[in-house]
Amino acid sequence: AIGVAITGGIFGAQAEEIRKEKNRMVASKNQKVQKLKEKSPLSAAVRSLQILFEDMNIRMMDAHQSATHLKDLWTMLAAYIDRSASELSAITTDQALMIFAMQFQGVVTPWREIRGMANQLLKIFDSALDQFQREQQSGKRGQ
1 AIGVAITGGI FGAQAEEIRK EKNRMVASKN QKVQKLKEKS PLSAAVRSLQ ILFEDMNIRM
61 MDAHQSATHL KDLWTMLAAY IDRSASELSA ITTDQALMIF AMQFQGVVTP WREIRGMANQ
121 LLKIFDSALD QFQREQQSGK RGQ
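Residue numbering for the sequence shown follows the UniProt record's numbering, starting at 1 and increasing by one per position.
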C-alpha cells in the first residue's frame, strides 16, 4: 500500500499515456524540423536545439519527481524503523511480541511489490537513456 500510494503517479496508466503523447508530439516536431531544414538550415538547427532542451527538461522533471518520491519514502521508513525499535524495546510479553511481529510483517510484505516497481523504474530510466542516446547519435549524423 505504501509503494502504491507513493509511486502510483509514476507507474500508472495515465502516466504512460502522457509519455506516449509526449513522444508522439516530439516525433511530430521532428518531422516539422526536417521540413524546416530543407527551407532554412539555420532556423532548423535552432529549432532542433530547442526541442532537445524541451525534451531534456521533461526528462529532468520526471527524474526529479521520482527522486522526491524516493526521498519521501526513505524518510517515512526511517521514522517507522525508529518507532518500531522503540516499540520492540518496550515489549515484555509473548502476546505483545506476536502483535508486533504481525504488524511488522505488514510492512515487510509490500517490499516485494516495491522491488518490482523499482525494477520497472530502472527499465523506464534505461529506456529513456537509450532513446536520448539514439536521438543524440541521429542528430549528429543529420548535421
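In this text, a Cβ means the ideal position worked out from N, Cα and C, and glycines have one as well. Quick caveat: nothing in here was measured; it's all calculated off a predicted structure.
Between the alpha carbons of valine 4 and alanine 63, how many angstroms are there, rounded?
Mapped onto the sequence shown, residue 4 falls at position 4. Mapped onto the sequence shown, residue 63 falls at position 63. Low confidence applies here, because valine 4 scores a pLDDT of 45, under 50, leaving its location unreliable; read the following figure in that light. Distance between the alpha carbons of valine 4 and alanine 63: 18 angstroms.
Take every Cβ of the segment 39 to 48, pair it with every Cβ of the segment 70 to 81, and state whether three or more of those distances are shorter than 8 angstroms.
no
Cα-Cα, which of Glu17, Arg134 and Val107 is closest to alanine 79?
One-based indexing of the sequence shown puts residue 79 at position 79. With distances taken between CA atoms, alanine 79 lies nearest to Val107 out of Glu17, Arg134 and Val107.
Helix or strand or just coil, what does DSSP make of isoleucine 2?
Here residue 2 corresponds to residue number 2 of the sequence shown, with the count starting at 1. Low per-residue confidence applies at isoleucine 2: pLDDT is 46, beneath 50, and the placement is therefore not dependable enough to give any value.
Check the C-beta distance from serine 84 over to phenylalanine 104 and give it rounded, since I have them as a contact under 8 angstroms.
Taking the first residue of the sequence shown as position 1, residue 84 is located at position 84. Taking the first residue of the sequence shown as position 1, residue 104 is located at position 104. Yes, serine 84 and phenylalanine 104 are in contact; Cβ-Cβ is about 7 angstroms, under 8 angstroms.
Excluding five sequence neighbours on each side, which residues of the same chain lie with their C-beta closer than 6 angstroms to the C-beta of serine 138?
In the sequence shown, counting from the first residue as 1, residue 138 sits at position 138. There are no such residues.
Does DSSP put phenylalanine 125 in a helix, a strand or coil?
Residue 125 sits at position 125 when you count from the first residue of the sequence shown. DSSP places phenylalanine 125 in helix when its eight states are reduced to three.
Identify the continuous alpha helix (DSSP H) that holds isoleucine 91 and give its terminal residues.
Position 91 of the sequence shown, counted from the start, is the residue given in the question as residue 91. Here isoleucine 91 belongs to no alpha helix (DSSP H), and DSSP marks it neither H nor E.
Could you check what DSSP says for threonine 109 in three-state terms: helix, strand or coil?
Position 109 of the sequence shown holds residue 109. Threonine 109: coil per DSSP, three-state reduction.
Does DSSP put serine 40 in a helix, a strand or coil?
Within the sequence shown, numbered from 1, the residue matching residue 40 stands at position 40. If DSSP states are grouped into helix, strand and coil, serine 40 belongs with coil.
Sequence-distant residues of the same chain with beta carbon closer than 7 angstroms to phenylalanine 100, five excluded per side:
For the purposes of this step, residue 100 is taken as residue 100 along the sequence shown, with counting starting at 1. Around phenylalanine 100: Glu87, Leu88 and Ile91.
Spatial distance of aspartate 55 from lysine 39 (CA atoms)
Indexing the sequence shown from 1 puts residue 55 at position 55. Indexing the sequence shown from 1 puts residue 39 at position 39. Roughly 24 angstroms separates the two Cα atoms.
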